[in-house]
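Undergrad: Sending over a structure as structure tokens; questions will come in a sec.
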Amino acid sequence: MRTGNGTKRGSVFAALALLAAGSASQSAPAQDQPASGSAANPTAVDKMKLPPGYLPREALPDSLALLPPPPAKGSAAMQRDEEARKAADKLRGTPRYARAASDAVIGFPQIPDDFACAMGIPIGKEATPKLYALMGRMLIDVGLSTYGAKNKYNRTRPFVAHKAATCYPKDEALLRNDGSYPSGHSAVGWGLALVLAEVNPDRADAIVQRGRDFGQSRVVCDAHWQSDVDAGRVIAAATVARLHGDAAFRADLDAARAEVAAARQTAATGESPACAAEAASLKLP
């Protein structure tokens, strides 16, 4: 079920337009382009020509209201972040580290493909067009919801603070100027997991676990602190809650649920080698 490589940008900020172009319109993914600005610039996202998500900007969750400031230097919370980083550093060179590098690629069709094994069906423009479009459109809302706190705190990423390397070196130049808190990757993974679990409740445990692992990959990658990942899940949950108040989202959710139910009737049985390898890699701590 793992097929495409998607866009080669790691930041949600840089990938938002690509996500929408590759999914919400159900057309071919746009060509990779650099972001129009950094997360430190409060107007950078607004300068991007983004297709609409489901929510108007004023209805998005306020990440500054929902999140405390990131852990302060010398605090117990910062010590927890450092300990989580040290534990993750032991995974370098393992299949779990390789999975984190794969999870770092945030774009379409890569993200739907990341959840295909957990869903038990292929996800794509041809196989599940309604679900594919739903995922792309809602990610506009999830991604944008992280940027109030990202812009405000512009937290230094762990690989920068420790003068280290990440699991995905191609993104490092971009990530140096993109705020670490909250994690956009974690928000994306958790938001998708919550919605996909509704669409396919029989696979809910596997889907939510994959969403959790998708966020944890950022700690394994040394691209985010653990508190960044935790905060991303808060913003994702808040965004998904807001989305359920939108009639267009609910209609698309119902259509995707029916589409997935039909797809499961004809899905191949048994675990593919690629899915078995994914499961094995994610069993590592």
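So my numbering is basically just the index in the sequence shown, starting at one, shifted up by 1359.
Just so you know, even glycine gets a beta-carbon here, dropped at the ideal spot from N, CA and C.
Does DSSP put proline 1632 in a helix, in a strand, or in coil?
TA: Helix at proline 1632.
Undergrad: Nearest to lysine 1522 by CA position, among Lys1489, Arg1535, Glu1557 and Lys1511, is which residue?
TA: For lysine 1522, the nearest C-alpha among the options comes from Arg1535.
Undergrad: Would you kindly report the start and end of the unbroken alpha helix (DSSP H) that includes asparagine 1510?
TA: It spans 1506–1512 - the alpha helix (DSSP H) in which asparagine 1510 sits, taken as one unbroken run.
Undergrad: Let me confirm a value: serine 1603 is counted as buried when at least 16 other C-beta atoms fall within 10 Å, else exposed. Which label applies?
TA: Per the sequence shown, residue 1603 should be read as histidine rather than serine. By the 10 Å Cβ count, histidine 1603 comes out exposed.
Undergrad: Starting from the C-beta of glutamine 1575, find all residues in its chain whose C-beta is less than 7 Å away, skip the five residues before and the five after it, and write them out in chain order.
TA: Same-chain partners within the cutoff: Val1588.
Undergrad: List the endpoints of the continuous alpha helix (DSSP H) containing tyrosine 1456.
TA: Here the alpha helix (DSSP H) through tyrosine 1456 covers 1454–1462.
Undergrad: Going by Cα to Cα distance, which pick from Pro1541, Lys1489 and Val1578 is closest to alanine 1459?
TA: Ranking the options by Cα distance to alanine 1459, first place goes to Val1578.
Undergrad: Could you tell me if threonine 1628 is buried or exposed, where buried requires 16 or more neighbouring beta carbons within 10 angstroms of its beta carbon?
TA: Exposed: under 16 other Cβ atoms inside 10 Å.
Undergrad: Could you tell me the distance, in whole angstroms, from the CA atom of lysine 1449 to the CA atom of serine 1542?
TA: Using only the alpha carbons, I get a separation of about 21 Å.
Undergrad: Tell me which same chain residues have a C-beta within less than 7 Å of the C-beta of glycine 1483, skipping the five on either side of it?
TA: Contacts found: Pro1468, Pro1471 and Tyr1491.
Undergrad: In three-state DSSP terms, what is lysine 1642?
TA: Coil.
Undergrad: Can you tell me the Cβ-Cβ gap for glycine 1507 and aspartate 1421, rounded? I've got them flagged as a contact below 8 Å.
TA: Confirmed, Cβ separation roughly 6 Å.
Undergrad: What three-state label does DSSP hand tyrosine 1527 in the structure shown?
TA: Three-state DSSP puts tyrosine 1527 in coil, outside helix and strand.
Undergrad: Looking at alanine 1615 and valine 1558, is the spacing between their C-beta atoms short of 7 Å?
TA: Yes, Cβ-Cβ distance for valine 1558 and alanine 1615 is below 7 Å.
Undergrad: Under a three-way DSSP split, which group does lysine 1484 fall into?
TA: Residue state, collapsed to three classes: coil.
Undergrad: Our contact map puts threonine 1505 next to valine 1619 with C-beta atoms below 8 Å; I'd like the distance itself, whole angstroms only.
TA: About 27 Å separates the two Cβ atoms, so there is no contact after all.
Undergrad: Using the Cα positions of valine 1599 and leucine 1553, report the straight-line distance between them to the nearest angstrom.
TA: Approximately 8 Å, taken between the alpha carbons.
Undergrad: Is aspartate 1613 buried or exposed, if buried means 16 or more other CB atoms sit within 10 Å of its CB?
TA: Under this definition aspartate 1613 is an exposed residue.
Undergrad: Using CA atoms only, rank isn't needed, just tell me which of Gly1591, Gly1538 and Ile1594 is closest to arginine 1514.
TA: Among Gly1591, Gly1538 and Ile1594, the Cα nearest to that of arginine 1514 is on Gly1538.
Undergrad: Taking the alpha-carbon of glutamate 1441 as reference, which of Ala1520, Ala1638, Pro1528 and Ala1546 has the nearest alpha-carbon?
TA: Of Ala1520, Ala1638, Pro1528 and Ala1546, the residue nearest in Cα terms is Ala1520.
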